[in-house]
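Novice: Residue numbering for the sequence shown is 429 to 634, as defined by our numbering.
Cβ coordinates follow ideal geometry from the N, Cα and C atoms, glycine included.
Note that this is a predicted model, so its numbers are computed, not measured.
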Amino acid sequence: MKVILLGAPGAGKGTQAVRLAERYKIPHISTGDIFRSNIKEKTPIGIVAKSYIDKGQLVPDEVTIQIVRERLEKDDCKNGYLLDGFPRTVSQAEALDEFSTVDVVVNIDVPLHKLMRRITGRRVCGKCGESYHIDYLGGKTACEKCDGELIQRADDNEETVGKRLEVYEKQTAPLIEHYEKKGKLFNVDGDGDINAVFNAITERLG
Ligand code: ADP
Ligand code: AMP
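Next comes the structure, spelled out in structure tokens:
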């Protein structure tokens, strides 16, 4: 099963992707995670990516497309994959169409005014990547799954998030229509609780 998770920053793509990858035994491929691990390792890609990510801008298409193309060639993607955060531009979607055929595009829909709070309150496990929100952490500072330290992403500050939401509206939201026209779009209400969103998605994916 080849699935794209579409949605604004903070819509819950990463949260759902972790759960869906476990359920369907397919790899969760997050371009944001790939960039962050390159930034940590200070690779040439990481150095380029950081200059864009820090400003809330998209990493250039050529760099991003190449990374995904190579990742999807790996053996573990033979039976499917979950793309989280890619494609984010029409050019990326067109490139993807040339090297893979996606089955379903799940668009997680959350009202824009709720996203700022979701993202600025996000804490992620530095070890396994699980996402949490301060509203539900009750002051806890360690990951429930692996006891890793919970951290705030450098780009999850109000100023950068504002820019990321603008970029989403301008460059990524047009993908909804792109996939609707192809008959691949499945809209899910992302404003319910995490389990309700998960159940709605798995009902569609089977
Ligand atoms: P994305 O990967 O789309 O940027 P995340 O999955 O990291 O988004 O979620 C962003 C924030 O919102 C996190 O703090 C997460 O815990 C929280 N969150 C995710 N799904 C829900 C939901 N259905 N209801 C409330 N909060 C959610
Ligand atoms: P995310 O982890 O999905 O929130 O992505 C974090 C940041 O990584 C984004 O704000 C972009 O700067 C960059 N990024 C992630 N995916 C892409 C993509 N498909 N195209 C361009 N930039 C991306």
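(1) Sorry if obvious, but does the Cβ on Ile481 come closer than 7 Å to a heavy atom of the ligand AMP?
(2) With distances taken from CA atoms, which of Arg497, Val476, Leu500 and Cys556 is nearest Arg447?
(3) Closer than 7 Å by C-beta to Tyr509: which residues in its own chain qualify, once you throw out the five before and the five after it? Chain order, please.
(4) If we count the other Cβ atoms within 10 Å of its Cβ and call it buried at 16 or more, is Thr492 buried or exposed?
(5) My assumption, with CB atoms under 8 Å, is that Leu613 sits in contact with Ile604. Please give the rounded CB distance.
(6) On the three-state DSSP scale, how would you describe Gly436?
(7) Please state whether DSSP places Cys505 in a helix, a strand or coil.
(8) Could you tell me the distance, in whole angstroms, from the CA atom of Asp584 to the CA atom of Gly554?
(9) If you measure from the CB of Val527, is any heavy atom of the ligand AMP nearer than 7 Å?
(10) Residue range of the alpha helix (DSSP H) that Asp617 falls in?
(11) Near Ala628, which residues of its chain fall below 6 Å by C-beta distance, leaving aside the five closest residues on each side in sequence?
(12) In the DSSP output, what is His456 paired with across the bridge?
(13) With a Cβ-Cβ cutoff of 8 Å, do Val518 and Pro602 count as a contact?
(14) If we ignore side chains and look at the alpha-carbon of each, how far apart do Gly590 and Glu469 end up?
(15) By DSSP's criteria, His561 is part of a beta bridge. Which residues make up the other side?
(16) Quick one: what does DSSP say Ala601 is sitting in, helix, strand or coil?
(17) Tell me where the beta strand (DSSP E) around Asn585 begins and ends.
Specialist: Quick look at the numbers:
(1) Position 53 of the sequence shown, counted from the start, is the residue given in the question as residue 481. Indeed, a heavy atom of the ligand AMP lies less than 7 Å from the Cβ.
(2) Stepping through the sequence shown from its first residue, residue 447 is reached at position 19. Here the closest residue by C-alpha is Cys556.
(3) Against the sequence shown, residue 509 aligns to sequence position 81. For Tyr509, where only same-chain residues beyond five positions count, the Cβ hits under 7 Å are Lys430, Ile454, Pro455, Ile457 and Leu500.
(4) Walking along the sequence shown from the start, residue 492 turns up at place 64. Thr492 is buried by the Cβ-count criterion.
(5) Numbered from 1 along the sequence shown, position 185 holds the residue referred to as residue 613. Numbered from 1 along the sequence shown, position 176 holds the residue referred to as residue 604. With a Cβ gap of about 7 Å, Leu613 and Ile604 count as contacting.
(6) By 1-based counting over the sequence shown, the position of residue 436 is 8. Sequence check: residue 436 is Ala here, not Gly. Three-state result, Ala436: coil.
(7) Numbered from 1 along the sequence shown, position 77 holds the residue referred to as residue 505. Helix at Cys505.
(8) Start at 1 with the first residue of the sequence shown, and residue 584 comes out as number 156. Start at 1 with the first residue of the sequence shown, and residue 554 comes out as number 126. Distance between the alpha carbons of Asp584 and Gly554 is about 14 Å.
(9) Taking the first residue of the sequence shown as position 1, residue 527 is located at position 99. Per the sequence presented here, residue 527 reads as Phe, with Val not at that position. Phe527 Cβ: outside cutoff for every heavy atom of the ligand AMP.
(10) For this step, residue 617 is matched to residue 189 along the sequence shown. Where Asp617 is concerned, there is no enclosing alpha helix (DSSP H), although the beta strand (DSSP E) it sits in stretches over Leu613 to Asp617.
(11) To locate residue 628, count along the sequence shown from 1; it is residue 200. Counting only Cβ-Cβ distances below 6 Å, and skipping sequence neighbours, we find Val616.
(12) Here residue 456 corresponds to residue number 28 of the sequence shown, with the count starting at 1. Answer by DSSP bridge pairing, in chain order: Leu510.
(13) Your numbering for residue 518 matches position 90 in the sequence shown. Your numbering for residue 602 matches position 174 in the sequence shown. Yes, they are a contact pair.
(14) The residue you call residue 590 lines up with position 162 of the sequence shown. The residue you call residue 469 lines up with position 41 of the sequence shown. Their backbone Cα atoms lie some 27 Å apart in a straight line.
(15) Counting from one through the sequence shown, the residue named residue 561 turns up at place 133. For His561, which the question treats as bridged, DSSP gives the partners Arg550.
(16) The sequence position of residue 601 within the sequence shown is 173, counting from 1. Note: Ala601 maps to coil in three-state DSSP.
(17) Mapped onto the sequence shown, residue 585 falls at position 157. Careful: Asn585 lies outside any beta strand (DSSP E) and carries neither H nor E.
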